[in-house]
Amino acid sequence: MPDTLPFPPRMGSNAGQPLSRRDGPLKVTGAATFAADNHPEGMLYAVPATAAIARGRVTGMNVAAARAHPGVVEVYTPANRPPLMHDPDEKLGLFGMRMEALQNDSVRYAGQPIAFVVAETLEAATEGAALLAPEYAAEPARVTAETGERYTPERVGFGGPLSVGAGDIEAGLAAAAHRLETRFETPDQYHNAMEPHALVAQWDGDKLTLDTPNQAIVMACGLFAAYFGIPAENIHLRSPFLGGGFGSKAVPTGAQILTILAARELGRPVKLALTRQQMFGPVGHRARTWQTLRMGLDGAGKLTALHHHSTGATSSFDDFIEPAAAASRTLYASPAILTTHDGIRLDTGTPGAMRAPGEASGSAALEVAIDEAAEVCGMNPLAFRLANYAEVEPITGKPYSSKALRECYEAGAKAFGWASRPLAPRQMRDEAGMLTGWGMGTAVFHCPMFPASAEAVIRADGTAVIRTSGADMGQGAWTALAQIGAAALGLDPDQVEFESGHSHLPDAGVAGGSGHTASAGQALHNAGEDAVARLAELASTDPASPLYGTGNAGVLARRGRLYARDDESRSESYAEILARAGKPQVEGTGKGARDPASAETYALQAHGAVFAEVKVDPELGQMRVSRMIGAFAAGRIINPKLARSQYLGGMIWGLSFALHEEAIHDRRTGRIVNADFAGYHVPVNADVPEMEAIMIHEDDPHVNVLGVKGVGEIGITGSVGAVANAIWHATGFRPHRFPVRIEDVLPSLS
Amino acid sequence: MYANEYLTGEAELAEYVRPRSLEEALAIAGRGAKPLAGCTDLFPATDRPALGGALLDLTGVEGLSGITRTDRGWRIGAVTRWAEVAGAALPPAFDGLRAAAREVGAIQIQNAGTVGGNLCNASPAADGVPPLLTLDARVELASAAGRREMALAEFVTGPRRTALAEGEILTAVIVPEPAGRGAFLKLGARSSLVISIVMAAGRIDVAGGRVAEAAFSVGACSPVAVRLPALEAALAGLPVAEAADRVEAGLVVPALSALSDLRAEAGYRAEASVVLIRRLVAGLTGGAA
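Line order of the protein sequences matches chains A and B.
Just so we're aligned, residue 1 is where the first sequence starts under my numbering, counting upward by one.
Just so we're aligned, residue 1001 is where the second sequence starts under my numbering, counting upward by one.
Here is the structure:
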């Protein structure tokens, strides 16, 4: 059978196959162990007591009552919290955040941990925390734009520049035939992964085992270790399965540090599992933005200037400013582009990366503004976008490593039926009398890579094991990464054992920035090729092998055999090669990272086009998305089934951003009034309509050796704008704040 | 601990009791135990790890569950689950109640939550209240001191407040043989699993092409769900073809005292109520609004 395979295909026989998730059966049968499922013997339960005010001090707590409660083992407050080796108020590296680990009695946001109760049972710890009944000296909460402190941050996102641009904005505006200034507000959103943050800590001397869901397994060990003064390799962090992360499960948070501390102090394993309500505050969120877009347009509908300014909210004590304006840097051509940021400090937890940080909020504003510009020019929104199509990256002038956005527009528009869309709003009704509108948005996301490494071992029986500390958050890393490793090894995925999901493996980098498949995948690819090369070395130097004399580069690996590249009739199985060489195995290693030369030469972006149909009840203003189609070009697709799922998930996030999600602060207390799933709305199945994700072919020789751009986040971008623009097309009302509320639309209907 | 030991008054009250007979239940309630059924409101409202205090589980009490037809009309036992209401073979007048039953949370909630719990919890957004108001429902209350009955409209006295006396239990909802057909509409920010912005229930009995009887109610709008007597009077006697057009804000809004909260503003609630009522009338009289 292997002899009949056509070759050499670039990625091997299994790449591009829509394999089902390898972890699927474990999850649907309940056999998968999530962090909080680990119950080592003698384990204690930890529950944080959280602040009910947003700013001030804790002046008293009934520690005696908590301690006296049966089952309570220890109550930690700032008065008795044992020392840490790293100050929680000092940042740690690029990704580390300041945190609350009971360093003092101050309260900086509602929901902040202010005490930590450890008990024999979860019930006792919960009751102990309730018995603390804290008293406060509260100061007025600053949770609105008016009360927050405006400031100029040094950086946005993770170390990004505050301002990027090229050309003369004011000159571009002055020369324009049409000028447009438009403002947007986006809300606080909370990640709310299905699996809340959890951690089980066990010490053995100065060795520490952590069961905790984590998106950056090896990096996180370094961060955890710093707080306890131990080498990172003393920590064994196990994270085989995550119930979602979305950016909130990469860096340690205060309650996790306290759990580890308690385990050390008490000499017993300790478990922490946050409640849904406790997820609103101390584990990051996507913060509010206030954005302004200024645009100039010439008579032909081309941009003469594009200035995108975003004010992002952050906490009073740390900085994470959503790099929202960055969305305008790379999408539409304009002789003058300027993207700028500033910040507002509020009494909230510190925000952080949440699925498509920057692009999600920024694209929401940009895509609505672009639609407004098209309206001003009397143009179809698709024609307008094509008129402003960037052939090279605006600002830098770099060529794109690949860009099939035009094909995305075309395929998406065709599948959607866009051509029959009336130009003016409020022209369509369905048979039930619902106002019907069609909108679109362009999707864009960058393609970062993180340094990653991997090992591949071909064993005596011809099977293999590959190793890297990958993080499967539900996106399918267990499957897609194994496919890449298997392809490089010339084996079926079934013949390859994949060791992943813990820290005593080569560093797979961060499962974030949509870069996990590219980064860890490239490391696995290189490791697999390295192992094959070692095998080829054995065969090609062995006179008894049919491959003798081919050289280690003169072979191809397919279905567990090496073939002479120029003569298919010469081949030998891995098992035969190893047996004759008397070796139990051959080992290969590989690394993955962005090639700096390629990043210097090319603009690296994934693109897409999203089309949405919205129906609006003309009397009630109730808005329902009835159809969504996205077409995406993100380089090579390793597994179309998983990629489709990522795209659809992203589009649903976009729908949710447009119509549902918003954390609302009580202006008096600063508390979030809807900190649960009854009040914090995400779409239910009945809200998610007919949806389709079309994959557009893109062969990218520059982005990385695999040609993979990443699919994790791009689905959100473009989708928010598509829904908002469809609302305009249905009603004539132009949304400028998200989520769009019924009350916003209503005046346009009467 | 057997529940019947409480009847002697000697046993100490345990944390949790699930008696079989109403007599036992009333004795336990009389000693201050908190009644519970599906716990679908009680658990989320409790920030402690357990409900705490002495608890009286009514779900095992004989005669408190199920829907029966009696000589006084339909009797819905207090611990009848919403799923049972949704699937029950009931006259068309109950169509609104059955539709509301399908909107009480998710299927899991409908399998656990009870009619009596919905009423006693007295949320302004309780899905069961508006349709039951349009059915002229009465509630049957019992305590160790005896039984009494009152109109549902009098039973719910405010947000989270009812006319239940100390030690008293709601045992059943009584619906006198209702005429006509009922309907229910719910307006929420998403398609399902949502606390209502507004909900409206209606029942119309048509005779000889005219509205013989009309009953309408709006919930989630005011502190307590309300009937709309002015509207009902205006609709009575109208030819069915004219009924929907007769619905106007002046017949609906004054009865509401609409509230503003994080789900919606009062003005929108008032407007939406009128729209929902008009759609109900249109649907119940065979026309389209």
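Note that the Cβ used here is the ideal one computed from N, Cα and C, for glycine as well.
In this text, all values refer to a predicted model and were calculated from it rather than measured experimentally.
Distances from the CA of A66(A) to each of G128(A), T589(A), G165(A), P269(A) were compared; the closest alpha carbon is that of G128(A). Rounded to whole angstroms, the separation of the alpha carbons of L547(A) and D461(A) is 19 Å. Within 10 angstroms of the beta-carbon of F677(A) lie fewer than 16 other beta-carbons, which makes it exposed.
In this model, V1252(B) and L1235(B) are separated by some 12 Å (Cα to Cα). Taking all protein chains shown into account, D700(A) has 16 or more neighbouring C-beta atoms within 10 Å of its C-beta and is therefore buried.
Y151(A) counts as exposed, since fewer than 16 other C-beta atoms from the protein chains shown sit within 10 angstroms of its C-beta.
Here T314(A) has A287, F320, I321, G343, R345, T350, P351 as same chain residues with Cβ atoms under 7 Å from its own Cβ, once five neighbours each way along the sequence are excluded. Setting aside the 5 residues that flank it on each side, E181(A) is surrounded in the same chain by R294, each with a C-beta closer than 6 Å to its C-beta; the list follows chain order. Judged by their CB atoms, G670(A) and R276(A) are not nearer to each other than the 8 Å cut-off.
Contact with chain A is absent for A1282(B), since none of that chain's Cβ atoms lies less than 8 Å from the residue's Cβ. Looking from the CA of N214(A), the closest CA among E100(A), T259(A), A35(A), L749(A) belongs to A35(A). For the segment 671–692 of chain A, residues whose beta-carbon sits nearer than 7 Å to a beta-carbon of chain B comprise V673, N674, A678, H681, P683, V684, A686, D687. Remark: C-beta atoms of A456(A) and A557(A) do not approach each other more closely than 8 Å. Listed in chain order, the non-local C-beta contacts of N1111(B) below 7 Å within the same chain comprise R1081, A1083, local neighbours out to five positions each way being set aside. Across the structure, Q291(A) and T348(A) are spaced so that their CA atoms are roughly 20 Å apart. Neighbours of D1047(B) in chain A, taken as residues whose beta carbon is under 8 Å from its own, are A130 in chain order. Any Cβ of chain A closer than 8 Å to the Cβ of E1265(B) would place that residue at the interface, and such an atom is present. The DSSP-derived three-state label of H341(A) is strand. Under the DSSP assignment, V1129(B) falls in the alpha helix (DSSP H) whose first and last residues are 1129–1134. As computed with DSSP, M623(A) is found in a beta bridge with V616(A).
The alpha helix (DSSP H) runs of length 4 or more contained entirely in the segment 209–272 of chain A are, from start to end of the chain, 217–228, 254–266. When V1129(B), A1045(B), I1169(B) are compared, the shortest CA-CA separation from L1022(B) is found for I1169(B). Take the alpha-carbon of S334(A) and the one of A383(A): they are about 16 Å apart. With a threshold of 8 Å between beta carbons, R624(A) makes contact with chain B. Burial state of V1115(B) is buried, judged by a 10 Å Cβ sphere holding 16 or more other Cβ atoms. Listed by position along chain B, the residues whose Cβ is nearer than 8 Å to that of T126(A) are R1048, P1049. For the segment 16–46 of chain A, no residue has a beta-carbon sitting nearer than 8 Å to a beta-carbon of chain B.
Scanning M85(A), P196(A), P683(A), K91(A) for the CA closest to the CA of D37(A) turns up P196(A). Setting aside the 5 residues that flank it on each side, A480(A) is surrounded in the same chain by T517, G521, I638, N639, L642, each with a C-beta closer than 8 Å to its C-beta; the list follows chain order. F445(A) is bridged by DSSP to A606(A). Residues of the segment 648–661 of chain A with a Cβ closer than 9 Å to any Cβ of chain B, in chain order: L659, H660. In the displayed model, R1210(B) falls within a strand according to three-state DSSP. Against chain B, the beta carbon of E743(A) has neighbours under 8 Å at A1264, E1265, Y1268, listed in chain order. Annotation: the segment 457–500 of chain A contains the following complete segments of the alpha helix (DSSP H) (minimum length 4 residues), in chain order: 477–489. Of all residues in the segment 1211–1240 of chain B, none places a beta-carbon less than 9 Å from a beta-carbon of chain A. Around V1275(B), the beta-carbon contacts reaching into chain A at under 7 Å are E619, L620.
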